[in-house]
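Under my numbering, residue 154 is the last one in the sequence shown; the count climbs by one each step, no gaps. Don't be surprised by glycine CBs; every beta carbon is placed ideally from N, CA and C. Because the structure is a prediction, the values reported are computed rather than measured. Working notes for the structure below.
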Amino acid sequence: MSDYTHEQIQERFKSLPAIVQDAVLSVDTAKIIKAIGDQHQLHIDEIGKVADETGLVLFGFTRPHLFAARLARTLNLDQTKANDIAHEIDLKIFAQVRDYLKNPPLETPVAKPGQNIFNQKMQSIFETGESDDVNLPPAPSRLADADPYRESVE
1 MSDYTHEQIQ ERFKSLPAIV QDAVLSVDTA KIIKAIGDQH QLHIDEIGKV
51 ADETGLVLFG FTRPHLFAAR LARTLNLDQT KANDIAHEID LKIFAQVRDY
101 LKNPPLETPV AKPGQNIFNQ KMQSIFETGE SDDVNLPPAP SRLADADPYR
151 ESVE
């Protein structure tokens, strides 16, 4: 994944559907890749490269039909062995994601929260230039010279 910056990878990850994010972060995915690597007698650094290439496909940076060719080139393998590895990863990892993306579950629409009342009030103030005094309580009546806090001196 060294062809892409950390920011590009983060932005792409945020835009992925939840099931793909789960597949990328899943411990099961890592275990599957490790098992496939062990089955094909790959060294630990080669298994890491397989994981990187798998991640590039899951992130959408690499097209799935190029996966086997990229494995062959990255790992310096013959095409037959790369095809076998790619086929197993396709069956065990990509198939789960592919099935979901082809037939996503029907989501119930989530009600969006209403606009904040503070924002509505501020918007009305700035649009009209004055506030709506309709909702304010009436101002207390005051006598011209009376001070409600001062006692009379007698």
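- In this structure, the CA atom of His40 is about 8 Å from the CA atom of Ile85.
- Burial state of Val97 is buried, judged by a 10 Å Cβ sphere holding 16 or more other Cβ atoms.
- The alpha-carbon separation between Asn83 and Val20 amounts to approximately 23 Å.
- When DSSP assignments are scanned along the region 24–105, no uninterrupted stretch of beta strand (DSSP E) that is 3 or more residues long falls wholly within it.
- The alpha-carbon of Ser15 is positioned some 11 Å away from that of Gly60.
- One thing to note: Val27 has its Cβ no nearer than 8 Å to the Cβ of Phe13.
- Lys49 sits close to Thr74, with the two beta carbons spaced by under 8 Å.
- In the DSSP annotation of this structure, the continuous segment of the alpha helix (DSSP H) that includes Glu11 starts and ends at 6–15.
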